[in-house]
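Numbering (this note's numbering), first residue to last: 4 to 282. Worksheet: the structure to be examined is printed underneath.
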(Lines of atoms letter the chains of each structure in order from A and count residues from 1; the text may use other names and numbers.)
(Lines give C-alpha, C1' and ligand atoms only; values in the text may rest on other atoms or scores of the structure.)
Protein backbone atom coordinates (compact mmCIF):
# COMPACT_ATOMS: atom_id res chain seq x y z
CA UNK A 1 0.00 0.00 0.00
CA UNK A 2 1.41 3.40 -0.98
CA UNK A 3 1.72 6.43 1.26
CA UNK A 4 -0.85 8.30 -0.82
CA UNK A 5 -3.33 5.46 -0.39
CA UNK A 6 -2.77 5.54 3.37
CA UNK A 7 -3.46 9.27 3.40
CA UNK A 8 -6.64 8.83 1.38
CA UNK A 9 -7.90 6.06 3.64
CA UNK A 10 -7.40 8.26 6.70
CA UNK A 11 -9.42 11.19 5.40
CA UNK A 12 -12.18 11.99 7.91
CA UNK A 13 -15.85 12.00 6.96
CA UNK A 14 -15.84 15.80 7.25
CA UNK A 15 -13.44 15.96 4.29
CA UNK A 16 -16.25 14.89 1.95
CA UNK A 17 -19.17 16.61 3.70
CA UNK A 18 -21.27 19.05 1.73
CA UNK A 19 -20.78 22.69 2.71
CA UNK A 20 -24.19 23.26 4.30
CA UNK A 21 -25.22 25.18 7.43
CA UNK A 22 -27.28 22.19 8.63
CA UNK A 23 -27.32 18.47 7.88
CA UNK A 24 -29.92 15.72 7.89
CA UNK A 25 -29.70 13.53 10.97
CA UNK A 26 -29.97 10.34 8.92
CA UNK A 27 -27.04 11.49 6.78
CA UNK A 28 -24.86 12.54 9.70
CA UNK A 29 -25.57 9.36 11.66
CA UNK A 30 -25.76 6.69 8.96
CA UNK A 31 -25.63 7.46 5.25
CA UNK A 32 -22.82 10.00 5.47
CA UNK A 33 -20.18 7.71 7.00
CA UNK A 34 -21.16 4.83 4.68
CA UNK A 35 -21.14 7.07 1.62
CA UNK A 36 -17.74 8.44 2.65
CA UNK A 37 -16.31 4.91 2.77
CA UNK A 38 -17.82 4.11 -0.62
CA UNK A 39 -16.37 7.31 -2.11
CA UNK A 40 -12.94 6.47 -0.70
CA UNK A 41 -13.16 2.99 -2.25
CA UNK A 42 -14.08 4.45 -5.65
CA UNK A 43 -11.48 7.21 -5.54
CA UNK A 44 -8.48 5.09 -6.70
CA UNK A 45 -10.61 3.71 -9.55
CA UNK A 46 -11.04 7.22 -10.97
CA UNK A 47 -14.78 6.75 -11.36
CA UNK A 48 -16.26 10.00 -12.76
CA UNK A 49 -18.83 11.41 -10.29
CA UNK A 50 -21.45 11.86 -13.08
CA UNK A 51 -21.16 8.12 -13.78
CA UNK A 52 -22.09 7.43 -10.17
CA UNK A 53 -25.06 9.80 -10.56
CA UNK A 54 -26.22 7.68 -13.51
CA UNK A 55 -25.88 4.48 -11.45
CA UNK A 56 -27.91 6.20 -8.73
CA UNK A 57 -30.58 7.00 -11.29
CA UNK A 58 -30.72 3.42 -12.54
CA UNK A 59 -31.08 2.20 -8.95
CA UNK A 60 -33.95 4.63 -8.47
CA UNK A 61 -35.60 3.34 -11.64
CA UNK A 62 -35.24 -0.22 -10.35
CA UNK A 63 -36.93 0.86 -7.11
CA UNK A 64 -39.76 2.39 -9.13
CA UNK A 65 -40.16 -0.84 -11.10
CA UNK A 66 -40.26 -2.91 -7.91
CA UNK A 67 -42.88 -0.53 -6.53
CA UNK A 68 -44.96 -0.85 -9.71
CA UNK A 69 -44.83 -4.63 -9.29
CA UNK A 70 -46.01 -4.13 -5.68
CA UNK A 71 -42.81 -5.65 -4.33
CA UNK A 72 -42.80 -3.10 -1.54
CA UNK A 73 -39.93 -4.47 0.55
CA UNK A 74 -37.66 -4.76 -2.49
CA UNK A 75 -38.56 -1.19 -3.47
CA UNK A 76 -37.80 -0.01 0.06
CA UNK A 77 -34.37 -1.66 0.05
CA UNK A 78 -33.49 -0.30 -3.40
CA UNK A 79 -34.47 3.19 -2.27
CA UNK A 80 -31.98 2.95 0.60
CA UNK A 81 -29.27 1.84 -1.83
CA UNK A 82 -30.21 4.78 -4.03
CA UNK A 83 -29.90 7.10 -1.03
CA UNK A 84 -26.45 5.73 -0.22
CA UNK A 85 -25.27 6.24 -3.80
CA UNK A 86 -26.87 9.69 -3.91
CA UNK A 87 -24.81 10.70 -0.88
CA UNK A 88 -21.67 9.12 -2.32
CA UNK A 89 -21.56 10.91 -5.69
CA UNK A 90 -21.09 14.36 -4.21
CA UNK A 91 -18.53 13.07 -1.74
CA UNK A 92 -16.60 11.43 -4.55
CA UNK A 93 -16.62 14.73 -6.46
CA UNK A 94 -15.36 16.68 -3.46
CA UNK A 95 -12.66 14.15 -2.52
CA UNK A 96 -11.38 14.00 -6.10
CA UNK A 97 -11.59 17.74 -6.68
CA UNK A 98 -14.05 17.22 -9.53
CA UNK A 99 -17.03 19.29 -8.38
CA UNK A 100 -18.61 20.53 -11.60
CA UNK A 101 -21.69 22.44 -12.64
CA UNK A 102 -22.59 19.50 -14.88
CA UNK A 103 -22.59 17.18 -11.88
CA UNK A 104 -24.75 19.52 -9.83
CA UNK A 105 -27.31 19.95 -12.58
CA UNK A 106 -27.35 16.21 -13.29
CA UNK A 107 -27.79 15.35 -9.61
CA UNK A 108 -30.63 17.82 -9.03
CA UNK A 109 -32.52 17.04 -12.21
CA UNK A 110 -32.16 13.26 -12.02
CA UNK A 111 -33.43 13.33 -8.42
CA UNK A 112 -36.47 15.34 -9.49
CA UNK A 113 -37.17 13.04 -12.45
CA UNK A 114 -36.93 9.99 -10.19
CA UNK A 115 -39.22 11.65 -7.65
CA UNK A 116 -41.77 12.21 -10.40
CA UNK A 117 -41.59 8.54 -11.40
CA UNK A 118 -41.86 7.37 -7.79
CA UNK A 119 -44.87 9.55 -7.02
CA UNK A 120 -46.59 8.58 -10.26
CA UNK A 121 -46.07 4.94 -9.32
CA UNK A 122 -47.26 5.57 -5.76
CA UNK A 123 -50.39 7.17 -7.18
CA UNK A 124 -51.03 4.06 -9.26
CA UNK A 125 -50.25 1.56 -6.49
CA UNK A 126 -52.33 3.36 -3.85
CA UNK A 127 -55.17 4.34 -6.16
CA UNK A 128 -54.65 7.96 -5.06
CA UNK A 129 -53.28 9.76 -8.16
CA UNK A 130 -54.35 13.25 -7.09
CA UNK A 131 -52.88 12.80 -3.64
CA UNK A 132 -49.63 11.65 -5.25
CA UNK A 133 -49.57 14.70 -7.54
CA UNK A 134 -50.13 17.00 -4.57
CA UNK A 135 -47.40 15.23 -2.60
CA UNK A 136 -44.93 15.54 -5.48
CA UNK A 137 -45.62 19.27 -5.80
CA UNK A 138 -45.27 19.82 -2.05
CA UNK A 139 -42.03 17.84 -1.84
CA UNK A 140 -40.53 19.68 -4.82
CA UNK A 141 -41.40 23.05 -3.29
CA UNK A 142 -40.11 22.09 0.16
CA UNK A 143 -36.81 20.85 -1.30
CA UNK A 144 -36.45 24.10 -3.26
CA UNK A 145 -37.21 26.09 -0.11
CA UNK A 146 -34.62 24.09 1.81
CA UNK A 147 -31.98 24.80 -0.85
CA UNK A 148 -32.71 28.51 -1.11
CA UNK A 149 -33.07 29.18 2.62
CA UNK A 150 -29.74 27.42 3.22
CA UNK A 151 -28.10 29.49 0.48
CA UNK A 152 -29.49 32.78 1.80
CA UNK A 153 -28.53 31.84 5.37
CA UNK A 154 -24.95 31.28 4.21
CA UNK A 155 -24.94 34.56 2.28
CA UNK A 156 -26.16 36.70 5.20
CA UNK A 157 -23.99 34.87 7.74
CA UNK A 158 -20.71 34.24 5.94
CA UNK A 159 -20.84 36.16 2.67
CA UNK A 160 -21.27 34.87 -0.86
CA UNK A 161 -21.51 31.08 -1.36
CA UNK A 162 -18.96 29.17 -3.35
CA UNK A 163 -19.47 29.45 -7.09
CA UNK A 164 -18.84 26.48 -9.37
CA UNK A 165 -17.93 27.57 -12.88
CA UNK A 166 -19.24 25.63 -15.85
CA UNK A 167 -17.28 24.09 -18.69
CA UNK A 168 -19.69 25.25 -21.39
CA UNK A 169 -20.16 21.72 -22.75
CA UNK A 170 -23.26 20.77 -24.71
CA UNK A 171 -24.74 18.45 -22.06
CA UNK A 172 -24.13 21.05 -19.37
CA UNK A 173 -25.89 23.70 -21.48
CA UNK A 174 -28.91 21.44 -22.01
CA UNK A 175 -29.13 20.69 -18.29
CA UNK A 176 -28.76 24.41 -17.54
CA UNK A 177 -31.73 25.16 -19.83
CA UNK A 178 -33.83 22.58 -17.99
CA UNK A 179 -32.80 24.08 -14.66
CA UNK A 180 -33.68 27.60 -15.77
CA UNK A 181 -37.06 26.43 -17.04
CA UNK A 182 -38.13 24.37 -14.02
CA UNK A 183 -36.09 25.28 -10.94
CA UNK A 184 -35.03 28.90 -11.46
CA UNK A 185 -38.62 30.28 -11.24
CA UNK A 186 -39.02 28.52 -7.89
CA UNK A 187 -35.70 29.93 -6.70
CA UNK A 188 -36.71 33.46 -7.69
CA UNK A 189 -40.15 33.14 -6.08
CA UNK A 190 -38.80 31.86 -2.76
CA UNK A 191 -36.01 34.45 -2.56
CA UNK A 192 -38.26 37.31 -3.66
CA UNK A 193 -40.90 36.44 -1.06
CA UNK A 194 -38.32 36.29 1.74
CA UNK A 195 -36.73 39.57 0.65
CA UNK A 196 -40.15 41.25 0.40
CA UNK A 197 -41.26 40.14 3.88
CA UNK A 198 -37.96 41.23 5.40
CA UNK A 199 -38.04 44.62 3.67
CA UNK A 200 -41.64 45.16 4.77
CA UNK A 201 -40.53 44.77 8.38
CA UNK A 202 -37.42 46.94 7.97
CA UNK A 203 -39.01 49.63 5.83
CA UNK A 204 -38.44 52.39 8.39
CA UNK A 205 -35.18 51.06 9.85
CA UNK A 206 -32.13 53.02 8.72
CA UNK A 207 -29.48 51.89 11.19
CA UNK A 208 -27.20 49.40 9.40
CA UNK A 209 -26.41 47.45 12.57
CA UNK A 210 -30.08 47.03 13.44
CA UNK A 211 -30.91 45.97 9.89
CA UNK A 212 -28.19 43.33 9.94
CA UNK A 213 -29.27 42.00 13.34
CA UNK A 214 -32.87 41.77 12.15
CA UNK A 215 -31.78 40.05 8.93
CA UNK A 216 -29.83 37.45 10.90
CA UNK A 217 -32.83 36.90 13.18
CA UNK A 218 -35.13 36.39 10.19
CA UNK A 219 -32.81 34.03 8.33
CA UNK A 220 -32.34 31.83 11.39
CA UNK A 221 -30.49 28.55 11.61
CA UNK A 222 -33.41 26.78 13.30
CA UNK A 223 -35.54 27.05 10.16
CA UNK A 224 -32.64 25.83 8.03
CA UNK A 225 -32.13 22.88 10.39
CA UNK A 226 -35.78 21.79 10.24
CA UNK A 227 -35.89 22.07 6.46
CA UNK A 228 -32.63 20.15 6.11
CA UNK A 229 -34.26 17.26 7.95
CA UNK A 230 -37.10 17.25 5.44
CA UNK A 231 -34.49 16.54 2.76
CA UNK A 232 -34.48 13.74 0.22
CA UNK A 233 -32.46 11.25 2.26
CA UNK A 234 -34.93 11.55 5.14
CA UNK A 235 -37.85 11.34 2.71
CA UNK A 236 -36.64 8.05 1.26
CA UNK A 237 -36.03 6.59 4.72
CA UNK A 238 -39.61 7.44 5.72
CA UNK A 239 -40.95 6.11 2.41
CA UNK A 240 -38.98 2.90 2.91
CA UNK A 241 -40.49 2.45 6.38
CA UNK A 242 -44.00 3.04 5.02
CA UNK A 243 -43.43 0.55 2.20
CA UNK A 244 -42.15 -2.16 4.55
CA UNK A 245 -45.14 -1.50 6.81
CA UNK A 246 -47.45 -1.81 3.80
CA UNK A 247 -48.87 1.72 4.14
CA UNK A 248 -47.58 3.73 1.14
CA UNK A 249 -50.62 6.03 1.30
CA UNK A 250 -49.47 7.20 4.73
CA UNK A 251 -46.27 8.51 3.20
CA UNK A 252 -48.21 10.62 0.70
CA UNK A 253 -50.20 12.21 3.53
CA UNK A 254 -47.02 12.84 5.52
CA UNK A 255 -45.52 14.68 2.56
CA UNK A 256 -48.64 16.80 2.06
CA UNK A 257 -48.53 17.63 5.79
CA UNK A 258 -45.16 19.33 5.22
CA UNK A 259 -46.95 22.29 3.63
CA UNK A 260 -48.66 23.39 6.88
CA UNK A 261 -45.33 22.82 8.63
CA UNK A 262 -43.67 25.14 6.12
CA UNK A 263 -46.27 27.82 6.90
CA UNK A 264 -45.53 27.40 10.62
CA UNK A 265 -41.81 27.88 9.93
CA UNK A 266 -42.54 31.04 7.95
CA UNK A 267 -44.73 32.39 10.76
CA UNK A 268 -41.97 31.58 13.23
CA UNK A 269 -39.50 33.63 11.19
CA UNK A 270 -41.91 36.56 11.29
CA UNK A 271 -42.19 36.17 15.06
CA UNK A 272 -38.40 36.06 15.46
CA UNK A 273 -38.12 39.24 13.42
CA UNK A 274 -40.77 41.05 15.47
CA UNK A 275 -39.16 39.92 18.71
CA UNK A 276 -35.80 41.22 17.53
CA UNK A 277 -37.34 44.56 16.54
CA UNK A 278 -38.98 44.86 19.95
CA UNK A 279 -35.77 44.08 21.86
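Beta carbons: idealized from backbone N, C-alpha and C, even for Gly.
Contact between the stretch 105 to 114 and the stretch 177 to 188: three or more CB pairs below 8 Å?
yes
Validate contact between the stretch 150 to 162 and the stretch 220 to 228 using beta carbons, cut 8 Å, 3 pairs
Yes, they touch.
How long is the line joining the alpha carbons of residue 97 and residue 62, rounded to whole angstroms?
Cα to Cα, the separation comes out at about 22 Å.
How about the stretch 44 to 59 and the stretch 80 to 94: do they share at least three Cβ pairs that are nearer than 8 Å?
yes
Quick check on DSSP: helix, strand or coil for residue 21?
coil
Is it right to say residue 126 is buried, meaning 16 or more other beta carbons lie within 10 angstroms of its own, or is it exposed?
buried
Once the 5 residues before and after residue 132 are set aside, which same chain residues still bring their CB inside 7 Å of it?
126
Inter-residue CB distance, residue 160 and residue 193 (contact presumed, cutoff 8 Å):
Incorrect: roughly 18 Å between the Cβ atoms, too far for contact.
How about residue 236 and residue 76: are their beta carbons less than 7 Å apart?
no
Helix, strand or coil for residue 36 per DSSP?
helix
For a quick check, are the C-beta atoms of residue 24 and residue 215 less than 7 Å apart?
no
Quick check: what's the CA-CA separation for residue 265 versus residue 145?
8 Å
Does residue 113 get closer than 7 Å to chain B when you measure Cβ to Cβ?
Of the protein chains in the structure, only one exists, and it is not chain B.
Given a threshold of 16 other Cβ atoms within 10 Å of its Cβ, counted over all protein chains shown, does residue 21 qualify as buried or as exposed?
exposed
Which two residues bound the contiguous alpha helix (DSSP H) that contains residue 77?
75 to 99
Please state the DSSP three-state secondary structure of residue 132.
The three-state secondary structure of residue 132, taken from DSSP, is helix.
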